[in-house]
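Taking the working numbering, the leading residue of the sequence shown gets 662, the next gets one more, and so forth. C-beta: ideal position from N, C-alpha, C; glycine also. Just so you know, these numbers come straight off a predicted model, no measurement behind them.
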Amino acid sequence: MTDAENGAPEESSMSPDTGGAVPAQASAERGPVDADGGVEAAGPEAGPTDGDPESGPADAGADTAAPDAAGPGGDAADRAAAVAALAERVRSVGRSGPGAAASSADSTDPSSEGGAAPATPADGTGTGRVVTDEQRAQALRATAEVLGAGGAPAELATAAVSVFGDGAAEQLREDPWAVLSLPGVRPEHADGFARGLLGPAAGPGDPRRAQALVGWLLEQAALRGHSALEIGEVTAGLERLGVPDSAAAVQAAVLDGRAMPFQEELTGAEAHAAGGEDEDEPPTRTLLALERLALAEESLADGLVRLMSTFVPGEDHEEADGAAAETEETGDGTDSGSAEEAGAVAEADGAEADGAEADTEADTDTAPQAPAAPGPAAWEAAAAAAPSSSAAALVRAAAGSALVLHTGGEAARAEPAALLASATGLGLRAWAATWTDHGRDAFAALAPLADTPAPAPVATLAELLAGAAGPGRSPDGMLALDLLVVLDAPLLDVELAATLLESLADGTRLVLSGDPGQLWSAGPGRFFADLLTAKVCPAVASRTPDFGPIGELVSGVGIGELQPVEAPDKEVVILTAKDSGEAVHRAVQLLTDSIPRALGIPSEQVVLLTPGHGGGGGTRALNAAAKARLNPGPGRFAGFDPGDRVADSPAPGHTRLARVVDGDAAGLHLEYPDGSRRTVAPAEAQKLRHGWALTVHQAVGRHWPGAVVVVPDDAAAALSRQWVYTAFGRGERHLSVVHAAGPALPQAVAERPAAPRTTRLRAILAENAAQEY
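Right under this line is the structure:
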């Protein structure tokens, strides 16, 4: 499967043997910052979860490495010993903990992002002064001149100034390999650029090259979902890239703050694989992480522990009511002197009472009210009224814990809805957050939320954090919440999850709900899966199945079985094709004719899904064929015509579907399903894609009445049980599968649950929270 087919950025026709200069399209494509918000370069559709054969340390840039690059050891034993020695040296560098590397990074530039060369402030001087338009234009011209001198396209100047500030020209001239931090630039491109500026002095052993490559390898790993890498993987990647002394390069990167070292103990299967059972001390491993990801996981773990440690469950108020009743009884416990004294005080205060009454009334609306704290009896009553046993279990778990996990399929979302309604009824400030606007509207329509006259307290997570919807913020800047239910929790990467936790006040109840069988986040980490494994909080597994033939098929995939299901009303149709070309033809026929005619589902409500963008069965080929049938035209406006369906990805991991209304000099005018409109500037329109066909990662958080899943003949490397489970679950009424992959599809379901990710969250939680569940 080619790089373009599995979702990675397409390579330039300029190969390393022609000088290795940065390709012109590098300025338009960069890993996750692509038109689909991170899918194309994050690996074969499951993005980071399925691996990218040309972007990881295992083989990244292998074509540029010296064939006889020497490694630290000649055989497995020597290499293991060398890696162990390097790990000890790296640990000695960061012996004082993560702060050592962090302080080193801070001393260089607090805005540095690990793999990127240290970025300067906006003005490039570190003074933080405001940059005028003229100064920026001058910086762009100077940067373009330096880029041109090294054989790189001038189009990269804008990205360079964004990263390095108006000192970008000087930065690139002093350290040509800093160009690796720009969009789409690979090691062979950076080497060619360095040779263009430095001539013969640009050798493979240049310390600047070595340090930049350490960061680049970690950034590439982050695109595949890793928040950290084992030190041996980093040194192996450096060796393949021709670095003569990979150990020295890692040490230098740690000292410079480009990478942060961590040591953690191995447990369970990992410890057994490392041979730890026969040793007195448990085996350990040394990890390297980009500073931003290391701090995000630390912050995330701290936030989770903070919520759990500051949580105080409510109490029933029977004793307080009894005390109040005793106070009302005259003569019991109150002597005449006390009564006279109370009367005197009341008389003395009488003069002030009238004057203060107005102030009291005025302050009533603004005075902060004590948060509701329902006791066990109230929660138990709410659980007894829950619509199902799983919903009742979720209500009880939320009653006694600050952090609760909830797992289940699409039908199980009724359980968080019941919890939200119960918490609101108990007087709590309760909200739910979904990943997409489609999920928001579908969740709000669930009973009992739909049965109340008030708008359902549901927003997208982006709206909630941005303040565009939701409860708003308290004076301390925290979300004004007592309970938050987050749907689609597996889609949160560690950085977004850390941002969310930082927005929650002490003691807030957080319920994370999601389907563990679906694709993980497009960004690094496996937040939800790590929490399930850590067992630091209660987890409620729903017993509500997804019904119907589609639900039965998806449930089978979830346990590793791809079996035929009974579909009397053609809810599920499986078709085979001899190659990708035939698969595209049959898929578009289903979209435009068969499904609308036979099932009454209009083509506007049907989506085509595939592993990647490129190749004979990718989104480009499918969208071109769909456009030719449904809305033919010359593509007058940046390749689009009025009526085209488009996929708009304003941020990595987020995709909004829209329709082209028109286009003019101002840009492309889009209309979204909710009726809102947006004009996309001509320079940004190239990031849009046609939207009849999507990658499965673009489709997460959404469902369509009809879905056609296309599995090309070269998609074997992109397939996993996670991918198939997610793809097959996008259809509500009908699912068609057109596959030309032969036995690769059932093999992926049976043998490839998900590509592993290296993360640190579970280990951090193990050190700071008890494993009680």
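Item checked: D1302 to A1289 span [Cα, whole Å] -> For the purposes of this step, residue 1302 is identified with residue 641 of the sequence shown, where counting begins at 1. For the purposes of this step, residue 1289 is identified with residue 628 of the sequence shown, where counting begins at 1. Spanning the two alpha carbons is a distance of roughly 12 Å.
Next item on the list: Ignore the nearest five residues each way along the sequence and tell me which others in A883's own chain have a CB closer than 7 Å to its CB.
Entry: Within the sequence shown, numbered from 1, the residue matching residue 883 stands at position 222. These residues qualify, in order along the chain: L951, L954 and P1185.
Check: Alpha carbon to alpha carbon, what distance is there between T1253 and R919?
Finding: As a first step, residue 919 must be located in the sequence shown, where it is residue number 258. As a first step, residue 1253 must be located in the sequence shown, where it is residue number 592. Roughly 51 Å between the two C-alpha positions.
Next item on the list: Look up A1424 in the DSSP assignment and say whether it is helix, strand or coil.
Entry: Residue numbering aside, residue 1424 sits at position 763 when the sequence shown is read from its first letter. In this structure, A1424 counts as helix in the three-state DSSP scheme.
Item checked: Residue closest to D1191, alpha-carbon to alpha-carbon, out of T945, A1424, A871 and S842 -> Along the sequence shown, read from residue 1 onward, the residue named residue 1191 stands at position 530. Closest by alpha carbon: A1424.
Margin query: Residues in the same chain with beta-carbon distance under 7 Å from E1213, minus the five sequence neighbours each way, listed in chain order, please.
Written below: Start at 1 with the first residue of the sequence shown, and residue 1213 comes out as number 552. These residues qualify, in order along the chain: V1226.
Checklist line | Neighbour-count burial assignment, Q1432, 16 or more Cβ in a 10 Å radius | finding: Position 771 of the sequence shown, counted from the start, is the residue given in the question as residue 1432. With fewer than 16 Cβ atoms within 10 Å of its Cβ, Q1432 is classed as exposed.
Notebook entry, point to check: Which stretch, first to last residue, makes up the alpha helix (DSSP H) that contains G857?
Noted result: Start at 1 with the first residue of the sequence shown, and residue 857 comes out as number 196. Run containing G857: P848 to L859, per the alpha helix (DSSP H) assignment.
Margin query: At the level of alpha carbons, what is the spacing between R967 and V915?
Written below: Against the sequence shown, residue 967 aligns to sequence position 306. Against the sequence shown, residue 915 aligns to sequence position 254. If you take the alpha carbons of R967 and V915, they lie about 30 Å apart.
Notebook entry, point to check: Which whole runs of the beta strand (DSSP E) in the region 1212 to 1291 are 3 residues long or more, in chain order?
Noted result: 1233 to 1237 and 1267 to 1271
Checklist line | Own chain, CB closer than 8 Å to L1087, minus 5 neighbours either side, in chain order | finding: The residue labelled residue 1087 in the question sits at position 426 within the sequence shown. Cβ within range, chain order: A1033, P1035, A1039, W1040 and A1043.
Item checked: Three-state secondary structure (DSSP) of A1017 -> On the sequence shown, residue 1017 is found 356 positions in, with the first residue counted as 1. Note that A1017 has pLDDT 44, beneath the 50 cutoff, so the model's placement of it is unreliable and the number below is only indicative. Three-state result, A1017: helix.
Check: What are the partner residues of M921, as DSSP defines its beta bridges?
Finding: Along the sequence shown, read from residue 1 onward, the residue named residue 921 stands at position 260. Paired residues: A950.
Margin query: Given this structure, state the Cα-to-Cα distance separating P974 from F1188, to the nearest angstrom.
Written below: In the sequence shown, residue 974 corresponds to position 313, counting from 1. In the sequence shown, residue 1188 corresponds to position 527, counting from 1. P974 and F1188: Cα-Cα distance of roughly 25 Å.
Margin query: Determine whether the beta carbon atoms of A889 and L841 lie at a separation below 8 Å.
Written below: Indexing the sequence shown from 1 puts residue 889 at position 228. Indexing the sequence shown from 1 puts residue 841 at position 180. No.
Checklist line | CB of L1236 within 8 Å of CB of V1398, strictly | finding: Within the sequence shown, the letter at position 575 stands for residue 1236. Within the sequence shown, the letter at position 737 stands for residue 1398. Against a cut-off of 8 Å, the Cβ pair of V1398 and L1236 comes out as a contact.
Note to self: Assuming contact is defined by CB atoms lying nearer than 8 Å, are L1355 and A1430 in contact in what I supplied?
What the structure shows: Taking the sequence shown and counting its residues from 1, one reaches residue 1355 at position 694. Taking the sequence shown and counting its residues from 1, one reaches residue 1430 at position 769. The answer is no: Cβ separation not under 8 Å.
Margin query: Out of R901, I892 and L1251, which one is the CA nearest neighbour of Q912?
Written below: As a position in the sequence shown, residue 912 is number 251, starting the count at 1. Closest by alpha carbon: I892.
Check: Exposed or buried, which one is T804 when buried takes at least 16 other CB atoms within 10 Å?
Finding: Locating residue 804 in the sequence shown gives position 143, counting from the first residue. Buried, by the Cβ-count rule.
Notebook entry, point to check: Comparing alpha-carbon positions, which option in S1255, A1202, H1330 and D1375 lies nearest A1368?
Noted result: If you number the sequence shown from 1, residue 1368 lands on position 707. When only C-alpha atoms are compared, the closest one is S1255.
Next item on the list: Could you pull out every residue in the same chain whose Cβ sits closer than 6 Å to the Cβ of S1083, ignoring the five residues on either side in sequence?
Entry: Reading the sequence shown from its first residue, position 422 is the one you call residue 1083. Cβ within range, chain order: A1043 and V1056.
Check: Looking only at C-alpha atoms, which of A910, G1261 and R1090 sits nearest to A1117?
Finding: For this step, residue 1117 is matched to residue 456 along the sequence shown. The shortest C-alpha separation from A1117 is found at R1090.
Notebook entry, point to check: Of the choices A1120, P1136 and M1139, whose alpha-carbon is the least far from that of A649?
Noted result: Only positions 662 to 1434 of the chain appear in this structure, which leaves residue 649 out of reach.
Margin query: So, at 7 Å on beta carbons, what are the nonlocal neighbours of D1149 in its own chain, with the 5 sequence-adjacent residues on each side left out?
Written below: As a first step, residue 1149 is located in the sequence shown; it is residue number 488 there, counting from the start. T1095, W1096, G1100, G1175 and G1362.
Item checked: D1098 (DSSP reduced to helix, strand or coil) -> On the sequence shown, residue 1098 is found 437 positions in, with the first residue counted as 1. Note: D1098 maps to helix in three-state DSSP.
Checklist line | Span separating the alpha-carbon of F854 from that of P814 | finding: For the purposes of this step, residue 854 is taken as the residue at position 193 of the sequence shown. For the purposes of this step, residue 814 is taken as the residue at position 153 of the sequence shown. Approximately 10 Å between the Cα atoms of the pair.
Next item on the list: Taking the CB atoms as reference points, tell me whether S1381 and A1405 lie closer together than 8 Å.
Entry: Numbered from 1 along the sequence shown, position 720 holds the residue referred to as residue 1381. Numbered from 1 along the sequence shown, position 744 holds the residue referred to as residue 1405. Contact: no.
Check: Given that a residue counts as buried once 16 or more other Cβ atoms are within 10 Å of its Cβ, and exposed if not, what is F1208?
Finding: Here the question's residue 1208 lines up with position 547 in the sequence shown. It is exposed - the Cβ of F1208 has fewer than 16 other Cβ atoms within 10 Å.
Notebook entry, point to check: Going by Cα to Cα distance, which pick from R1339, H887 and D906 is closest to A871?
Noted result: Numbered from 1 along the sequence shown, position 210 holds the residue referred to as residue 871. The residue with the shortest Cα to Cα distance from A871 is D906.
Next item on the list: Kindly list the residues whose CB is nearer than 6 Å to the CB of A1411, restricted to its own chain and excluding five residues on each side of it in sequence; keep chain order.
Entry: Taking the sequence shown and counting its residues from 1, the one referred to as residue 1411 is at position 750. Here the set comprises G1221.
Checklist line | Any beta strand (DSSP E) of 3 or more consecutive residues that is wholly inside the region 1122 to 1182 | finding: 1144 to 1147 and 1170 to 1175
Margin query: I believe A1286 touches V1245 by the beta-carbon criterion, under 8 Å. Please report the beta-carbon distance rounded to the nearest angstrom.
Written below: The residue you call residue 1286 lines up with position 625 of the sequence shown. The residue you call residue 1245 lines up with position 584 of the sequence shown. Confirmed, Cβ separation roughly 5 Å.
Checklist line | DSSP three-state assignment for P1414, whether helix, strand or coil | finding: What you label residue 1414 is simply residue 753 of the sequence shown in a count that begins at 1. Note: P1414 maps to coil in three-state DSSP.
Next item on the list: Assign T1454 to one of two classes, buried (16 or more other C-beta atoms within 10 Å of its C-beta) or exposed (fewer than that).
Entry: Shown here, the chain extends from 662 to 1434; a query on residue 1454 therefore has no answer.
Next item on the list: For the alpha helix (DSSP H) containing W877, list its first residue and its last residue.
Entry: Residue mapping note: residue 877 aligns to position 216 of the sequence shown, counting from 1. Its alpha helix (DSSP H) spans residues P868 to L884.
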